[in-house]
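The listed protein sequences derive, respectively, from chains Z and A. For what it's worth, my numbering labels the leading residue of the first sequence as 367, then goes sequentially. For what it's worth, my numbering labels the leading residue of the second sequence as -12, then goes sequentially. In this text, a Cβ means the ideal position worked out from N, Cα and C, and glycines have one as well.
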Amino acid sequence: MSVELVWALITGAALFGVGIYGALSQTNLVMIMMGVELILAGALINLVAFWRYLHPDAMSGQMFVLIVMTVMALEMAVGFGVAIARFRSKGSVEMEEAAELKE
Amino acid sequence: MTFIGLVILVPLLAAVAILCWRKRSRELALSATGISFLSSLGLLFGPGSELILPGLPNMPLRLVATPLTALLSTMVAVVSTLVLIYATGYMAKDKEKNRFFATLLLFIAAMQTLVLAGDWILLLSAWELIGLSSYLLIGFWYEKPGVKTAATRAFLVTRSADLGLYIAAFMLIASAGSSDIATTLNTDGSIAIVAGIFLLIAAMGKSAQTPLHDWLQGAMAGPTPVSALLHSATLVAAGAILLIRTAPMLPPETLAVIGVVGGVTALVTGLMALGESDLKRLLAASTSSQYGLMFLAVGAGVPLAALLHLIAHAAIKSSLFLGAGVFQHSRGSTALSDLAGVARDQPRIFIGFAIAALALAGIPPLSGFFSKDTIIAATMAASNAWLFAPLALAGTVLTGAYMARMLRILWQGSARKKTLVGLKQMSIGFGGLVALVIVLGVLFPSIETFIAMPLPGNRLAVVLGLVAALTGLLLGWFIPARTLMGPLLEKANQGFSLAGGFDRLCVRPVFVIAHACEKLERRLYAAVLAVGQTGINIAHMTRNSDEQGIDLFIFSIVRRTIKLGNHARTLQSGLIHRELAISVIVTAGLFIFAAIGLLMY
């Protein structure tokens, strides 16, 4: 038995929606980044599904997924670096309080 | 060789010792001059010697003892010793004895160096040194009014004439290639003429010859022993000594000039002496006039006659000054009006004084007779005899006249008895010099053979000289100066100043030049200042254009940029989720817009 393409797309879209909600509703930097991760995870599921069902013989789809995962890891490293620096200097990572740069 | 060193060094060391020790200055000074005197006798009777000292490269300093220099050195030593003995009495009450004796010893050492110097460089140094020490001695009583001016005047006049010696010495050294005086005396041609004239200028300054005679009378402001030593026998003699020593080199043209200068001086200063109203100033004028006669003798080509008169005059004039010093102490003044009759206070001193005065006038058998006789004979034998001989005779008449007038004024009057401090020492020094005045004449023939220079003899000269001297004496004794000189008296008292004298001829023009220079200087200053001001103005303008133009433009750009940045900044909220929400909504809107577009398509 095989899962239809449409189910994979629905799963991806669900993850994307949960991610958008998380990123917009949270004020904690770590939680926002979790949301962003979920958005990217939804996009990855879409990529894999399209490769698996439409062009299973082409390698470029897989490579694209690997590159996106690498970029995700880097993005996380940078994001957590910022969060740690913020925490060390101010004692919190609440984004409502981190608007001083504007001044 | 050691004698030369002793003659110079002993007085010098004694001067230093007096300045350091500040005690027993009289004894030190007397013993130093005594040793110096004995050493100079050693030079005189010993063999001729030469002392070569290290000096400039290829120009060693030389001290030579030839018969001439040894004789002059002995003369300086004798006179200075006797004057010092006198000075120990004269300065008995003075508080500054140490300074006096130290300076006097320095002067004696310098004079001995000058006399014995064998090369131009040493001669120049000694010449400068006697100038300096004479300045110090003339200004010894610097608290008295006018003394400082007199000292400065004497120093400046002799000093400016000294330039002649520098020029002459350097010309001779350059042309002969050696600083040795004996070598340079072989110079001839035009260099000898010009150098001779410059030597004459230097000698005129030191020997107070017309027109530079004025300082010597002012120099009488110093203590009387100073006048006796410096202004009769040594300092003033330096000029004549210079000419006597360089006489072999001088060409006839220069000799003629020297003779004319000497003759004019003998007349001018003789007339001044005749009209003088101060004893020391009279003696000073007479010194100038006697040195004029010596210059005349050099000019006539017989330096030995000048030398004999120099020696005789040294003894005569020193004793005259020493006698004048006793009179001065006796009456507390040197004005002739105050001294009338002083001869009766001090009859013994006056006898010596009169002997010296008669000797100067040229009365036999005193020394002055012989020396003056040789001078007259020399002028009669000279090629310019028509000019020189009358000048010499006129000088002799004048000498007799002013000496007789002086004796008459001192004799006529009433006595005022007063006991004097230090009269004993003064009498010893004075007596020694008067004895020299009497006996020196006998020594002249032996000096003549000692020096080995030609001396013309002339019976007619003896007679003429004697007649001239007697005429002068009689004129001076019986006829008052006022009737004798008539309208000349006024001018003589003003020092025969020509066209207003130095004041009008030198001082005023110098002031005018100085004022002009000052004006020019001020103008230059203003011009420089204006240039500077213009520069500053240009700089100001540049700065303004910078500030108002370029800077303003750049700053306005900067300001606008900052304003723009501020505007742009307000667009940002700084709240991440709000920005995220905006971007999500916009993206969603775009997608919806695209979907509608696709559907419609």
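- Interface flag for L390 (chain Z) against chain A is set, since a Cβ pair is found closer than 8 Å.
- For L447 (chain A) and A341 (chain A), the gap between their C-alpha atoms comes out near 27 Å.
- Comparing alpha carbon positions, the residue from A:M191, A:S166 and A:Y122 closest to G151 (chain A) is A:M191.
- For T197 (chain A), same chain residues with a beta-carbon under 6 Å away, outside a window of 5 residues either side, are V251, T252 and V255 in chain order.
- The CB of I398 (chain Z) comes closer than 8 Å to the CB of I563, H564 and L567 in chain A, given here in chain order.
- Taking the C-beta atoms as reference points, V573 (chain A) is found no nearer than 8 Å to I386 (chain Z).
- For S166 (chain A) and M393 (chain A), the gap between their C-alpha atoms comes out near 46 Å.
- Secondary structure at I362 (chain A): helix, using DSSP grouped into helix, strand and coil.
- Shortest Cα-Cα distance from A137 (chain A) to any of A:E130, A:I125, A:T145 and A:S147 involves A:I125.
- For the stretch 568 to 579 of chain A, residues whose beta-carbon sits nearer than 7 Å to a beta-carbon of chain Z comprise A568 and V571.
- A141 (chain A) is positioned such that its CB atom lies no closer than 8 Å to that of W107 (chain A).
- Here DSSP, grouped into helix, strand and coil, assigns N445 (chain A) to coil.
- DSSP places M158 (chain A) in the helix class (H, G or I) of the three-state scheme.
- When the five nearest sequence neighbours on each side are left out, the beta carbons in the same chain lying within less than 7 Å of the beta carbon of T377 (chain Z) are those of I411, in order along the chain.
- The CB of S543 (chain A) never comes closer than 9 Å to any CB in chain Z; the least such distance is about 25 Å.
- Distance from the CA of P334 (chain A) to the CA of L407 (chain A), rounded to the nearest whole angstrom, comes to 14 Å.
- Along the stretch 446 to 462 of chain Z, going in chain order, the ones with a CB nearer than 7 Å to a CB of chain A are M461 and E462.
- F416 (chain Z) and A449 (chain Z) have their alpha carbons spaced roughly 35 Å apart.
- Setting aside the 5 residues that flank it on each side, A234 (chain A) is surrounded in the same chain by V285 and P290, each with a C-beta closer than 7 Å to its C-beta; the list follows chain order.
- As the crow flies, the alpha-carbon of F282 (chain A) is around 45 Å from that of K506 (chain A).
- Using a CB distance cut-off of 8 Å, A380 (chain Z) does not count as an interface residue toward chain A.
- The beta carbon of A64 (chain A) is closer than 6 Å to those of S23, F24 and S27 in its chain, skipping five residues each way along the sequence.
- Residue contact with chain A for T436 (chain Z): absent (no Cβ-Cβ distance below 8 Å to any residue of chain A).
- Sixteen is the threshold: since fewer than 16 other Cβ atoms of the shown chains lie within 10 Å of the Cβ of T436 (chain Z), the residue is exposed.
- Here M461 (chain Z) is buried, its C-beta having at least 16 other C-beta atoms within 10 Å.
- Look at P132 (chain A) here: in three-state DSSP terms it is coil, with no helix or strand label.
- Within the stretch 35 to 80 of chain A, the runs of beta strand (DSSP E) that reach at least 3 residues and sit entirely inside it are, in chain order, 36 to 43 and 46 to 52.
- By the rule that beta-carbons nearer than 8 Å mark a contact, I386 (chain Z) touches chain A.
- For T386 (chain A), the enclosing alpha helix (DSSP H) stretches over residues A372 to W398.
- Chain A has no Cβ within less than 8 Å of the Cβ of A439 (chain Z).
- For I228 (chain A), the CB contacts under 8 Å within the same chain, skipping 5 residues up- and downstream, are L59, L101, V102 and L297 in chain order.
- Taking all protein chains shown into account, D423 (chain Z) has fewer than 16 neighbouring C-beta atoms within 10 Å of its C-beta and is therefore exposed.
- Counting every other CB atom within 10 Å of its CB across the protein chains shown gives V(-6) (chain A) a total of 16 or more, marking it as buried.
- Proximity of chain A to T393 (chain Z) at the Cβ level (cut-off 7 Å) is accounted for by H564, in chain order.
- Excluding five sequence positions before and after T20 (chain A), the CB atoms of its chain that fall closer than 6 Å to its own CB belong to S67, T68 and L71, given in chain order.
- Per DSSP, the unbroken alpha helix (DSSP H) holding K456 (chain Z) starts and ends at S426 to K456.
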